[in-house]
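For the sequence shown, numbering that gives the first Met the number 0 assigns the number 0 to the initial residue and increments by one for each residue that follows. This report refers to the structure that appears directly beneath it.
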Amino acid sequence: MHGYQLFNRACIPDGRKGFIFARRLSGSFGVRTLDGTKLSERISRKELKPLERRKTILTERSMRLPPPAYRQGYPPHNNLMGSYLNPGADWFKLSLASEIYVDKTNLISYTNKVFCSQQRFICISRPRRFGKSMAVGMLAAYYSRDIESKELFEPFKISKSPSFESHLNECNVIYLDMQEFLTKAGVALADVSQSSKIKDPALVKAMIRLIEELVLDELIDEYPDLKYKNAKSLNETLKDIFNCTRIPFVFLVDEWDCIFRTSDIGDDGQKDYLDYLRLLFKDRAYVGLAYMTGILPIKKYGRHSALNMFKEFSMTAPLNLAEYVGFTDSEVRSLCERHGMSFEEIEKWYDGYSFPSAEHVYNPLAVVSALTDKCLMNYWSATETFEALKDYIVLGFDGLKDTVCRLMGGGSAKIRIGGFQNDMSTFSSADDVLTLLMHLGYLNYNSSTKEASIPNDEIMSEFVTSIRSAGWSGVIKAVEASQALLKATWRKDAATVANAVGAVHAETSILTYNDENALSYVVSLAYYAAREYYTITREMPAGEGFADLVLIPSPAHQDKPAMIIELKWNKTAQTAIERIKEKNYPQALKAYAGNLLIVGINYDKVAKIHSCVIEELQAE
C-alpha cells in the first residue's frame with residue numbers, strides 16, 4: 000500500500016485501529032473510528048501502519064482495552080468471542096437461568112490462588128452429570144477477556160473473596176471440548192475411508208490435527224499482525240502470542256478422557272494423545288491455568304502418571320475441592336426446604352458419596368430432577384444403560400461376585416485402589432474393577448477406612464437390574480423373596496423368617512460364613528425389600544451400645560413398625576433379644592413404642608441352621 004486514501008484502515012503506534020479521514024498520499028493524517036471517535040488529529044504517515052485499503056462497505060470490530068497491567072506494548076486484536084478462544088459468559092448465563100442454581104463460585108478462589116504458579120495444573124474427575132461442565136462454563140465467564148462479567152458474579156460468594164478482581168476478564172481462555180473434537184475426527188475419517196472401521200492411531204492423529212487447525216484459526220484471526228515463527232504449530236503460536244502480549248492463557252479442557260472411555264485406541268494411540276497434552280502444557284510459561292475435567296483420573300504408564308504436573312482431585316481423593324463438584328448436605332437441605340420436599344427422602348435416594356473432612360456429596364442431576372419433578376426415581380442411572388455396570392461386575396476375577404453381594408447386603412469392603420491404571424480396559428484384579436466403579440459413581444470410597452460401599456437407593460436398584468441381566472439367579476431369588484420375608488417379620492412369623500434367611504445364605508453363598516459380620520450381610524440382603532419402606536442403619540448408636548441393624552420407617556410409611564435386628568453367631572436368638580433389652584437399644588426409638596419390633600437372629604454353626612425370635616414392644 001503506497002500512501003493513504005480516505006477510509007483506508009491503519010493502526011496508530013499505541014495499537015488502536017481506525018480509518019484515515021483525509022485525501023493525501025503524504026504528510027499528516029486524521030485517524031478516527033467509524034463512530035467518529037478521534038484516535039489522532041494529526042499523525043505522520045511514517046508513524047502509521049497500513050492494514051487494508053478501503054472497501055465498499057466499511058466494518059469495524061469494537062475493542063475493549065486490556066487491563067492496565069497488560070496495556071503496554073501488546074498488539075491490536077479483534078476481540079470477538081469464539082468457539083475455542085475466549086468463549087465468554089453465555090454458557091454460564093444458561094446455568095444462572097436454570098430453575099435451580101447452586102453457587103459454586105468459590106472454586107474461583109482456589110483457581111486464583113494457584114494461578115501462574117507451579118500448582119496451576121488441575122484435573123477434576125467425577126462421574127457423568129456431576130456438574131463438571133457447569134464449572135468449566137463458570138471459569139470461562141470469569142477469565143475470558145473482552146467481556147465484562149463483574150456484575151454477573153457480584154451476587155455470588157466469589158465477589159466477597161479478596162481475589163475476586165485479580166484476574167477477572169484478563170486472560171485469553173482456550174476452551175477444548177475433547178468429545179467434540181473426537182466426534183468430528185471420527186466423522187471426518189469415516190467420510191474419507193467410506194467405512195465405519197477407523198484405525199485407532201488414525202483417530203487420535205485426526206483429533207489432534209483438528210485441535211491444532213481450529214484453535215490456530217481463531218488465534219491468528221485474533222492476532223493477525225504478529226510475526227509467527229511457525230503458524231502451523233499451536234504450541235509455537237501460543238508462545239509467540241504470550242511473548243508479545245504477556246497475557247497468560249487459561250486452558251479449560253472438558254471431557255479430557257473421552258478418548259479412553261469411548262474408543263479402543265490401543266497403547267500407541269493413548270501415548271500419542273498424552274504426549275500431545277504434555278507438549279501443550281508441561282513447562283509452558285504461557286499457561287496461567289490448566290483446568291481439566293473428566294470421569295477417569297489421569298492415565299498411568301506403569302507406576303507413573305503420564306501428566307505428572309497435574310494435581311488430581313478424584314472420587315477417591317477429592318482433597319479440598321470435594322464441595323465444588325456435586326451438591327453438599329447443607330445445599331441439598333436448603334433446596335429441599337425451598338421446594339417443599341423431604342430432605343430425609345432425598346438423602347435416602349441420592350446421598351452416599353462421603354469424603355474425609357467434608358460434607359456428603361449428592362449427584363446434582365438426580366437432586367435437581369427430583370425437586371423439579373416432585374418425584375423420587377432413578378434419574379442419574381437412566382442417563383446410561385445398566386449394561387455399563389453389568390459388563391464390569393460379571394468379569395471373572397476372584398472374589399468380585401462375593402464382594403458385590405456383600406455390598407448389596409449393605410456392607411462395605413476393603414479395596415486396594417493403587418493398582419488401577421485409570422482406563423476402562425486394563426484390569427488385573429477385582430480391586431481394579433471396583434476402583435473403576437468408584438470413578439463411574441457406582442460405589443462410594445471412604446479414604447479413611449479404605450472401604451467401598453453402594454452409596455444410595457438409586458444406585459442399589461441399578462445393581463439389582465444389572466445382576467438380573469447378568470444371570471446371578473441365586474442373588475435375584477434372594478432379592479425377589481425379600482418382600483415375603485419382610486411381611487413375615489411384620490406378622491411376627493419367626494420360623495418363616497429363619498427359613499428365609501437360611502435360603503438366602505444357601506442361594507448366595509457369599510463370603511466366608513464364620514462370624515456375625517458375615518451373617519449381617521446375608522440378613523441385609525434378605526431384607527432388600529425393606530429399602531422401599533425404611534431407612535436402614537448398620538451399627539447404629541442406641542442405648543448403651545450399637546444395634547446391628549435398625550430400620551426406621553420413612554416419612555411416607557409411618558404405618559410400618561420400626562425394627563431393631565440383633566444378630567448372634569453360635570448362640571441363640573433369645574440371647575439376641577436379651578441383648579437388645581439389656582443394652583436398652585429401644586430407648587433410641589422410643590417414639591415408636593407400641594409400633595416397634597425387636598428381632599433376634601442366630602446361626603448355629605454346628606447344626607448349620609438359623610433361628611429367629613420376634614417380639615413387639617408396647618408403649619409404657
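Ideal placement from N, C-alpha and C gives every residue a C-beta, glycine not left out.
Residues bridged to Glu615 (per DSSP): Its beta-bridge partners are Leu596.
Backbone secondary structure at Tyr272 - three-state DSSP: Reduced to three states, the DSSP call for Tyr272 is helix.
Buried or exposed by the 16-neighbour rule on C-beta atoms within 10 Å, applied to His556: It is exposed - the Cβ of His556 has fewer than 16 other Cβ atoms within 10 Å.
Pair within 8 angstroms by beta-carbon distance, Tyr391 and Leu435: Taking a C-beta distance under 8 angstroms as the contact criterion, Tyr391 and Leu435 qualify as a contact pair.
Validate contact between the segment 113-121 and the segment 333-344 using beta carbons, cut 8 angstroms, 3 pairs: No contact exists between the segment 113-121 and the segment 333-344.
The segment 208-221 in contact with the segment 229-240 per 3-pair CB rule at 8 angstroms: At 8 angstroms Cβ cutoff, the stretches touch.
Ala541 classed as buried or exposed, judged by whether at least 16 other C-beta atoms fall within 10 angstroms: Label assigned to Ala541: buried.
Burial state of Gln586 (16 or more Cβ within 10 Å): Exposed.
Bounding residues of the beta strand (DSSP E) (the contiguous stretch that carries Met620): No answer is possible for residue 620: the residues shown for the chain start at 0 and end at 619.
Cβ pair count under 8 angstroms reaching 3, the segment 426-434 against the segment 393-406: Short answer: they touch.
Identity of the residue in Gly408, Glu40, Thr261, Val252 nearest Asp422 by Cα: With distances taken between CA atoms, Asp422 lies nearest to Thr261 out of Gly408, Glu40, Thr261, Val252.
6 angstroms CB neighbourhood of Ser194 in its chain, flanking five on each side removed: Residue placement at Ser194 is flagged as unreliable, the pLDDT there being 46, under the threshold of 50; the coordinate-derived value follows with that caveat. Answer for Ser194: no residue qualifies.
Segment limits, beta strand (DSSP E) that includes Asn443: Asn443: member of the beta strand (DSSP E) spanning 443-445, first to last residue.
Contacting residues, own chain, Cβ-Cβ under 8 angstroms from Val286 (five flanking each side not counted): If you ignore the 5 residues before and after Val286, its C-beta comes within less than 8 angstroms of the C-beta of Arg119, Phe120, Pro247, Phe248, Phe250, Phe280, all in its own chain and listed in chain order.
Helix, strand or coil at Pro552 according to DSSP, with G and I counted as helix: In the structure shown, Pro552 sits in a strand (DSSP, three-state: E or B).
Lys570 versus Gly470: straight-line alpha-carbon distance, rounded: Distance between the alpha carbons of Lys570 and Gly470 is about 35 angstroms.
Beta bridge counterpart(s) of Val30 as assigned by DSSP: Secondary-structure assignment with DSSP links Val30 through a beta bridge to Ile19, Ser39.
Complete alpha helix (DSSP H) runs within the segment 330-362 (minimum length 4 residues, chain order): As summarised for the segment 330-362, the continuous alpha helix (DSSP H) elements at least 4 residues long and confined to that stretch are 342-349, given in chain order.
Between the CA atoms of Leu151 and Thr534 - distance to the nearest angstrom: Leu151 has its alpha-carbon roughly 41 angstroms from the corresponding atom of Thr534.
Leu320 to Phe312 span [Cα, whole Å]: Our two residues, Leu320 and Phe312, have alpha carbons roughly 7 angstroms apart in a direct line.
DSSP state of Tyr391 mapped onto helix, strand, coil: When DSSP states are grouped into helix, strand and coil, Tyr391 belongs to the helix group.
First through last residue of the beta strand (DSSP E) which encompasses Lys567: First-last of the beta strand (DSSP E) with Lys567: 561-568.
Closest residue to Ala561 among Ile579, Glu615, Leu84, Asn445 (Cα-Cα distance): If we check each option's Cα against that of Ala561, Glu615 comes out closest.
With 16 other Cβ atoms within 10 Å as the buried cut-off, status of Lys48: Residue environment: Lys48 is assigned as exposed (fewer than 16 neighbouring CB atoms within 10 Å of its CB, all protein chains considered).
Among Leu439, Phe419, Ala451, nearest to Gly410 - alpha-carbon criterion: Minimum Cα distance to Gly410 is reached at Ala451.
Backbone CA spacing between Asp456 and Lys204 [nearest angstrom]: The straight-line gap from Cα to Cα measures roughly 43 angstroms.
Rounded separation between Glu565 and Tyr141 - CA only: One C-alpha to the other measures close to 55 angstroms.
6 angstroms CB neighbourhood of Cys257 in its chain, flanking five on each side removed: The beta carbon of Cys257 lies closer than 6 angstroms to those of Met177, Gln178, Leu181 in the same chain, with the five residues before and after it left out.
Buried versus exposed call for Glu147 [16 or more other C-beta atoms within 10 Å across all chains shown]: Counting of Cβ neighbours within 10 angstroms places Glu147 among the exposed residues, the total staying below 16.
Local conformation of Leu50 per DSSP, three classes: Secondary structure at Leu50: strand, using DSSP grouped into helix, strand and coil.
Whole-angstrom distance between Lys413 and Phe354, CA atom to CA atom: Rounded to whole angstroms, the separation of the alpha carbons of Lys413 and Phe354 is 16 angstroms.
C-beta atoms of Thr110 and Leu84 nearer than 8 angstroms: Note that the C-beta distance between Thr110 and Leu84 is not below 8 angstroms.
Sub-8 angstroms separation of Ile600 and His609 beta-carbons: Judged by their CB atoms, Ile600 and His609 are nearer to each other than the 8 angstroms cut-off.
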